[in-house]
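**Student:** Before I ask anything, let me first share the structure, which is written out below as C-alpha cells.
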Amino acid sequence: MDYPTVLASKLSCKEGAVRAVRFNVDGNYCITAGADKSVKLWNPYKSVLLQTYMGHGYEVLDVQASCDSAHIASGGMDKCVFYWDVSTAQILRKFRGHAGCINSVYFNEESTVILSAAGDNTICAWDCRSKSREPIQIMRDAKDAVTSLSVSDHEILAASLDCCIWRYDLRMGQLYQDNLGCSVNCIRFTKDGQCVLASCLDNALRLVDKDSGEILSEYRGHKNENYRIESCLSNTDSLIISGSEEGCVYFWDLIEGTIKTKLE
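At position 260 of the sequence shown (counting the first as 1) the number is 260 in the UniProt record's numbering, and the numbers step up by one without a gap.
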C-alpha cells in the first residue's frame, strides 16, 4: 500500500491557530476554523480562498459542511452554534444554549439537525428547519467535557474527558457507556460501523468493539497527553491515522498495530 510522502498543497490561512480543517462531502472543498473568529472555504487543490464567514465572537473550534455542501455549521468559544448559507455567507440561525465552549459540531445524515458537544458536559440537538432557538434535545449523561462527536444513520457517538465513550442508539432508544480509563479527546466510527476508534490522553489510540466494549487493539508511538489531537481511519479501514503533539502525522496498520510511516 502507498502512503502519502509528498506535500501536495499548503494553504496560508492567516487565521492565527487553525483549530479544525474539514473536507466537504465530495472532497472538492475544505473548510477551516480559526482562532481569529473566522470560518473559511477553500479550494485546496488550487490554494484558492473562496469565501470568509465572519460572525463568531471568539475562537472557532469546529466546523462541518452539510450533506449537500449548501450549509456550514460552526461552534467555538463563544458558546454559540452558527448555521451558515455557503453561497451568501449569511448566518441563517444562531443557536445559544451551552454554558461552555463548543468543542465539536456535527450534522445528522440528512443535515436537518446539528449536534453540538461542549465543555458544559452536554450534547445539544438543534433543528435547522425550525425557527425555534431552543434545542430539541439535550443529552446530559457525560460527567465531564464532551470533546468529540461522530454520527451514523442511527447512532450518536460522543467522547468525554470523563474517560467514557457514550453511544446513543436512536432506533432502540438505548444509551451505551464504555469506560476506557483515560480521558478521550477524539472518537470515530470505523467505516464498517462495527468498531470505534478512540484517541486517549495517555499517548494511545484504542480500537473498541462497538457492541461489547472490548478493546481490540492499542496503537502507540505518537504523543498525545495535553491537547485535542484528531485521528481517523483510511477509506478502507486498513490504516489508523493520527496527529501528534510533536507536529507529526502517524500511520498504523490496523491489524498489525505497527507504525507504517510518519509525516514530519
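We put the beta carbon where it would ideally sit given N, CA and C, even for glycine. Keep in mind that this is a model prediction, so the values were computed, not measured.
Tell me, please, which residues DSSP counts as bridged to Lys40.
**Tutor:** Lys40 is bridged to Thr32, Thr52.
**Student:** If you draw a straight line from the C-alpha of Asp209 to the C-alpha of Arg93, how long is it?
**Tutor:** Computed Cα separation, rounded: 37 Å.
**Student:** Give, in chain order, every unbroken run of the beta strand (DSSP E) that is at least 3 residues long and sits entirely within the segment 182 to 263.
**Tutor:** 184 to 189, 195 to 200, 204 to 209, 215 to 219, 231 to 233, 239 to 243, 249 to 253, 259 to 263, all fully within the segment 182 to 263.
**Student:** Since His154 sits in a beta bridge, which residues does DSSP pair it with?
**Tutor:** Bridge partners of His154: none, in fact.
**Student:** Is Tyr58 near the ligand SAM, judged by its Cβ being under 7 Å from some heavy atom?
**Tutor:** Ligands in the displayed structure: none, and consequently the ligand SAM is not present.
**Student:** Which residue from Asn24, Thr52, Glu264 puts its Cα closest to that of Glu246?
**Tutor:** The option with the nearest alpha carbon to Glu246 is Glu264.
**Student:** Could you tell me the alpha carbon to alpha carbon distance between Leu149 and Cys13, rounded to whole angstroms?
**Tutor:** Taking the straight line joining both Cα atoms gives about 25 Å.
**Student:** Using CA atoms only, rank isn't needed, just tell me which of Gly75, His98, Thr147, Asp68 is closest to Ser87.
**Tutor:** Residue Asp68 is the option with its Cα nearest to Ser87.
**Student:** I want to see whether chain C comes within less than 8 Å of Phe95, judged by CB atoms only; does it?
**Tutor:** Of the protein chains in this structure there is only one, and it is not chain C.
**Student:** According to DSSP, Ser132 sits in a beta bridge with which residue or residues?
**Tutor:** BP columns for Ser132 are empty, so no partner.
**Student:** Can you tell me the Cα-Cα spacing of Gly243 and Asp153, whole angstroms?
**Tutor:** Rounded to the nearest angstrom, the two C-alpha atoms are 27 Å apart.
**Student:** Looking only at C-alpha atoms, which of Glu225, Ile102, Leu115, Ala99 sits nearest to Ile66?
**Tutor:** Correcting the residue type first, residue 66 is Ser in the shown sequence and not Ile. Nearest of Glu225, Ile102, Leu115, Ala99 to Ser66, Cα basis: Leu115.
**Student:** Per DSSP, what kind of secondary structure is residue 270 in: helix, strand or coil?
**Tutor:** The requested residue 270 is not part of the displayed model; the chain covers only 1 to 264.
**Student:** Taking 6 Å as the limit between beta carbons, can you name the residues of its chain near Ile215, skipping five residues before and five after?
**Tutor:** The residues are Arg206, Val208.
**Student:** My understanding is that Cys186 touches Ala159, with C-beta atoms under 8 Å, so please give their C-beta distance in whole angstroms.
**Tutor:** Cys186 to Ala159, Cβ: 6 Å. Contact.
**Student:** Given this structure, state the Cα-to-Cα distance separating Thr261 from Cys80, to the nearest angstrom.
**Tutor:** Looking at the two C-alpha atoms, the distance is approximately 39 Å.
**Student:** Assess, as a yes-or-no matter, whether the segment 169 to 183 is touched by the segment 115 to 134 under the definition of 3 or more beta carbon pairs within less than 8 Å.
**Tutor:** Touching, no, given that fewer than three Cβ pairs across the two stretches are closer than 8 Å.
**Student:** Can you give me the Cβ contacts of Cys101 inside the same chain, cut-off strictly under 7 Å, excluding the 5 residues immediately before and after it?
**Tutor:** Closer than 7 Å at the Cβ level, and outside the excluded window around Cys101, lie Leu61, Gly76, Met77, Lys79, Ala118, Gly119.
**Student:** Spatial neighbours of Thr112 within its chain, please: CB distance less than 8 Å, with the 5 preceding and 5 following residues excluded, ordered by chain position.
**Tutor:** Same-chain partners within the cutoff: Asp127, Cys128, Arg129.
**Student:** With distances taken from CA atoms, which of Arg220, Leu233, Ser231 is nearest Ile259?
**Tutor:** That would be Arg220, whose Cα lies nearest to the Cα of Ile259.
**Student:** Excluding five sequence neighbours on each side, which residues of the same chain lie with their C-beta closer than 6 Å to the C-beta of Thr122?
**Tutor:** The answer, listed in chain order, is Ile138, Arg140.
**Student:** Classify Thr5: buried if its beta carbon has 16 or more other beta carbons within 10 angstroms, exposed otherwise.
**Tutor:** Classification for Thr5: exposed.
**Student:** Apart from the five residues just before and just after Arg171, which ones in its own chain have a Cβ nearer than 6 Å to its Cβ?
**Tutor:** Taken in chain order, the residues that qualify are His154.
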